[in-house]
Every structure is written in C-alpha cells, then in structure tokens.
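Input: a single structure, listed below in structure tokens.
Numbering (the numbering used here), first residue to last: 281 to 808.
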C-alpha cells in the first residue's frame with residue numbers, strides 16, 4: 281500500500297501523509313483499517329487529544345440520550361437541527377455520547393477532505409441494520425449496499441460501467457422522456473381547480489419508480505395506468521412502507537427490534553416480502569428473455585443503447601442469479617425516494633421564488649427552441665437548471681450527515697482522532713455555513729454559475745458539497761437520478777407556472793432521507 285501526500289492549507293498549514301490507494305465516499309460507511317496506520321499526531325506540533333474536543337457533557341451511562349428521546353423522539357427526528365445547534369455552541373468540531381455511542385461531528389471542508397482521502401482500499405460502509413437483518417432472514421445476498429471488502433468490489437465492478445459513465449447513461453434519455461410525458465398528462469388530469477396536485481408526493485414517486493424500471497429492465501410497470509393494477513399499486517406502496525418501517529428502528533439494536541419492540545420489524549418484513557416478490561418476478565421474466573437472446577447472439581455483452589442494465593449485468597456473468605436479483609432490487613429501491621425527494625423540494629423552492637422560476641424558464645426556452653424533447657446534450661447546455669437542483673441539494677440534502685468509522689488515526693481541526701472512531705460529516709450544517717455560502721437560507725442558484733459572483737463557493741471548498749458522494753463508492757444511481765430530475769423539471773417549467781401553496785414554511789424531517797415534514801402543496805397553472 282502506497283502513501284499519497286497532499287497539502288492541507290487550513291487549518292493546520294502542514295503537509296500530511298495518509299495511506300490510501302483510492303479516495304472514496306458514501307453515506308453510512310466505514311473504511312477498513314490500513315495495514316500501515318499513520319499516527320498523524322506524531323507528525324504535527326501542538327495537536328490536542330480527543331478528550332479535549334468540546335461537546336455536551338451528558339449524564340453518566342446515557343450521555344445526552346434524553347435530549348433526543350424527549351418529546352416523542354424529537355431529537356432523533358430532527359438530528360440535523362441538533363447538529364446545527366451544537367455547531368453554534370461548540371464550533372466546527374465537537375464530540376458527543378448518546379448512550380454508549382461516542383462520536384465526533386465535523387463541519388469543515390478541510391476535515392472532510394482529510395477523512396475521505398484517508399479511506400482504505402475497500403471503502404466499506406456500515407449496513408443499515410434493519411435492511412441487512414431482513415436480507416439475512418431471507419438468505420439473500422447483502423448486495424452492494426451492505427457488503428464489504430471483496431464482496432462489495434465484486435458487486436460494484438459488475439455495475440459501475442453501465443451506471444456511472446456519462447456516455448452509457450445517455451442512452452436512457454428517450455425512455456425517461458416517455459415516462460415524464462406520461463406523468464405530465466397524469467398531473468393535468470388529477471390537479472384541482474386551484475391547480476394543486478392532491479398527492480404530488482405519490483405522483484412523483486410513481487415517476488421515479490417507472491423511470492428506474494425502464495432503465496434497469498426496459499419494462500414499463502404501468503404506474504400511470506388508470507386504474508393501476510392492484511399488484512403494481514401495492515408494490516409502489518411497499519417502497520414507502522419499507523422506508524417508514526426502517527426509519528422507526530434504524531437507531532435500535534437488532535436484538536431489541538427483533539424480540540422486544542417488534543411492530544415495525546414485522547411491518548418491514550411484510551412489505552419487504554411484497555416488494556421482493558414483485559421485483560423477483562420482473563427480474564425472472566426479463567432474465568428468460570435475455571437468456572434466449574444470449575443463446576443466439578454472442579455479442580450481448582456490448583454496452584450500447586440496445587442493451588438495458590439487467591441484460592448487461594447478466595451477459596457479463598459477474599454476478600450469480602440471486603446476486604443479480606438483489607442488485608436490481610437495490611437500484612430499484614435506492615432510485616425512487618432520493619430522486620423524488622429532490623424533485624419535490626426543487627418544485628417547492630421554485631414555487632417560492634418567481635424570479636428564479638422566470639430565469640429558469642427563459643434558459644430552457646432558449647435552449648430547447650424547436651426541440652421536442654430534452655436530451656442529455658441539451659440539458660448540458662442548461663447550467664441554470666443544474667444550478668437550481670444543486671441549490672436545492674444544498675438547502676435540503678438527501679442525507680443530513682454522512683457517518684464514518686475512520687480507519688486510521690487522523691488529525692481533525694487540530695485534534696487527534698483515533699482509528700475506529702465514529703465520525704459524522706455534517707453536510708446539512710456545511711450547506712448553511714455563512715463563510716462559504718453568504719445568505720445561506722436564501723435560495724440562490726446563481727451561486728453555482730461559473731463566471732458569476734459565486735457568493736463565496738470555490739474549488740477550495742469542493743468538499744463542502746458532495747450530495748452524491750466522492751470516489752469509487754459514489755452513489756451508483758447518481759447519473760440516472762440527475763437525468764430523471766433535469767428531464768422532468770425542464771418540461772414542467774415550460775408547461776406551468778409553479779406556485780407553492782403551503783401556508784407556512786415546510787420544514788425538514790429525517791426519514792432516512794430528508795423529507796418534508798408537512799404535505800407538499802404545489803399548484804401548477806397553465807402558462808398564459
């Protein structure tokens with residue numbers, strides 16, 4: 281294992297050496313311990329111990345647990361607000377104990393870069409316990425989400441090429457355009473006289489579910505059929521129910537949620553079984569079609585616009601039958617809620633900011649001209665559209681924090697943090713750092729445009745904003761999600777004036793992803 285030297289100008293003004301072969305990043309992950317750990321405190325003067333990191337004292341044995349459990353668990357549901365409060369009280373790094381769990385929270389791009397650059401060969405992640413326990417119960421592979429080391433690498437290498445390379449993803453543009461057109465027609469039919477979509481969250485979830493299915497299987501699920509088939513409706517419902525059940529027990533040890541507080545665990549099993557059965561049927565149906573094609577065509581491994589993702593995975597033969605099924609399910613689950621949440625928050629922000637909405641509409645009109653459908657090349661020419669989405673992800677990030685268990689001793693903000701320490705990268709707090717983002721509560725896409733007043737954001741702050749990750753464990757669905765988001769928004773902005781009708785500010789709540797606390801009230805009025 282070789283060492284890479286990089287210059288960290290702030291806050292330490294020293295050059296540090298960190299052993300790592302690759303840089304990597306993803307939420308809820310830990311890195312493997314290096315074979316040659318680097319004790320950074322021996323290289324740097326005036327380094328303080330971890331015990332000297334400021335933070336709330338808490339009570340013996342339980343620490344600050346009561347702050348999170350009172351008021352029906354307000355602290356856990358609003359952990360992002362707690363990290364903001366702690367930042368104001370203790371500064372950009374603090375430590376805390378909740379029960380017997382001790383962790384450090386960081387909120388500067390310099391510390392984030394040190395953590396991410398120091399990760400090992402296999403940038404592992406902690407499993408989401410309830411989902412991992414379900415996989416074990418049903419004798420399913422842990423998949424790319426929950427696996428580690430060589431197993432993770434096997435899954436990732438089988439999926440990376442087709443999902444992460446821009447050229448590979450552009451072939452899905454036509455499919456997503458068709459689905460987005462179906463959604464727009466559906467919205468026209470279901471909106472009320474006041475323009476409000478009665479259940480816009482459900483409709484957007486249908487769009488992202490249908491879109492990711494066309495990418496994975498080249499199959500329409502029929503989400504916009506009227507009436508929708510009961511089995512398809514139940515599957516769509518199961519995606520939401522699994523997330524809800526998981527969120528209720530994600531902070532609880534498995535022996536407690538499996539044997540003591542079993543209600544949500546039973547719900548998770550019930551709805552996961554429904555989702556798994558539905559997805560398995562789709563995968564097996566597609567597999568039979570693929571195997572027939574492979575038998576008569578030895579060129580099936582070619583990655584072009586005629587080969588959908590499942591065909592590619594099966595034809596390359598890197599995953600077994602059961603592993604391929606699990607991989608498809610993970611992408612199906614992971615590709616729905618994150619993209620849908622970002623779309624909803626962007627519509628919400630546009631509806632509250634007519635100036636931004638008008639500017640975006642002008643850009644899209646000027647680029648689209650006589651084009652009927654926005655493809656990847658046209659979207660690439662819409663920097664303001666992409667900036668609107670970036671600004672949404674700054675204000676309403678998909679995840680409020682990125683947990684890590686660091687693999688080596690590191691120096692963060694002048695403190696030596698030992699290997700195996702649990703660290704939270706507070707990206708909700710970092711997105712509201714006034715020293716990087718002046719007027720941080722203001723929705724201002726201009727701050728992301730090159731050649732303009734970027735309001736403090738620059739290349740030195742790039743680890744301040746990593747909504748989809750960094751390195752080999754970057755979110756697998758990033759490029760497809762961006763295509764879904766940009767395609768739909770570019771169409772809606774040309775069809776409608778968007779208005780946010782919530783009587784009060786809709787705030788965030790942590791439900792695995794950063795969802796809206798209240799129902800979204802979005803009105804779509806025909807443009808005059």
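All residues carry an ideal CB built from backbone N, CA and C; glycine is no exception.
For residue 563, name the three-state secondary structure that DSSP assigns. helix
Suppose you measure from the CA of residue 539 to the CA of residue 443; what does that come to, to the nearest Å? 39 Å
Buried or exposed for residue 407, please, with buried defined as at least 16 other CB atoms from any protein chain shown within 10 angstroms of its CB. buried
I'd like to check one pair, residue 349 with residue 343: are the Cβ atoms closer than 8 Å? no
Under the three-state reduction of DSSP, which class applies to residue 320: helix, strand or coil? Reliability of the predicted coordinates at residue 320 is poor, the pLDDT of 46 falling under 50, and no value is obtained from them.
Report yes if the CB atom of residue 384 is closer than 8 Å to the CB atom of residue 373, and no otherwise. yes
Report the residue from 402, 531 and 482 whose alpha carbon sits nearest the alpha carbon of residue 427. 402
Using 8 Å for Cβ pairs, my map puts residue 640 next to residue 773. What's the rounded Cβ distance? 6 Å
Pull up the distance between the alpha-carbon of residue 411 and that of residue 464, whole angstroms please. 34 Å
Ordered list of alpha helix (DSSP H) runs contained in the segment 592–666, each at least 4 residues: 601–632, 634–648 and 656–660
Proximity below 8 Å, CB of residue 439 to CB of residue 656: no
In chain order, what residues of the same chain have a beta carbon less than 6 Å from the beta carbon of residue 629, not counting five sequence neighbours either side? 672 and 723
Suppose the cutoff is 6 Å on Cβ atoms and the five residues either side in sequence are ignored; what does the same chain contact list for residue 377 look like? 338 and 343
What residue from 416, 477 and 461 has the CA that sits closest to residue 799's CA? 477
Smallest Cα separation from residue 565: which of 595, 499, 522 and 543? 499
Tell me the DSSP secondary structure of residue 512 in three-state form. helix
Hey, would you say residue 587 sits closer than 8 Å to residue 552, going by beta carbons? no
Which two residues bound the contiguous beta strand (DSSP E) that contains residue 798? Premise fails: residue 798 is in no beta strand (DSSP E) and is neither H nor E.
Out of curiosity, what's the CA-to-CA distance linking residue 447 and residue 341? 54 Å
For the beta strand (DSSP E) that residue 745 lies in, which residues bound it at each end? Premise fails: residue 745 is in no beta strand (DSSP E) and is neither H nor E.
Identity of the residues DSSP links to residue 476 by a beta bridge: 803
Would you check if the distance between the CB atom of residue 778 and the CB atom of residue 746 is smaller than 8 Å? no
Could you tell me the distance, in whole angstroms, from the CA atom of residue 634 to the CA atom of residue 717? 21 Å
Might you give, ordered along the chain, the residues of its own chain that have their beta carbon closer than 6 Å to the beta carbon of residue 728, omitting 5 neighbours on each side? 667 and 670
In terms of residue numbering, what span does the alpha helix (DSSP H) encompassing residue 531 cover? No alpha helix (DSSP H) contains residue 531, which DSSP labels as neither H nor E.
Count the CB pairs spanning the segment 387–394 and the segment 356–373 that are closer than 8 Å, and state whether there are at least three. yes
Residue 467 in three-state terms, based on DSSP: helix
Length of the line joining the Cα atoms of residue 501 and residue 610: 17 Å
Quick check on this structure: which residue in 335, 505, 769 and 503 has the alpha carbon closest to the alpha carbon of residue 644? 769
Would you call the segment 485–500 and the segment 610–628 touching, i.e. three or more CB-CB distances under 8 Å? yes
Pick from 743, 792, 435 and 507: whose alpha carbon is nearest that of residue 528? 792
Using DSSP bridges, identify the partner residues of residue 357. Note: residue 357 sits in no beta bridge, so no partner.
Report buried or exposed for residue 469, applying the criterion of at least 16 other Cβ atoms within 10 angstroms of its Cβ. exposed
Which residues does DSSP list as the beta-bridge partners of residue 501? Answer is none; residue 501 lacks a bridge partner.
Can you list the beta strand (DSSP E) stretches of 3 or more residues lying completely in the segment 354–428, in chain order? 373–378 and 381–386
What residues match up with residue 702 in a beta bridge as DSSP calls it? 383 and 685
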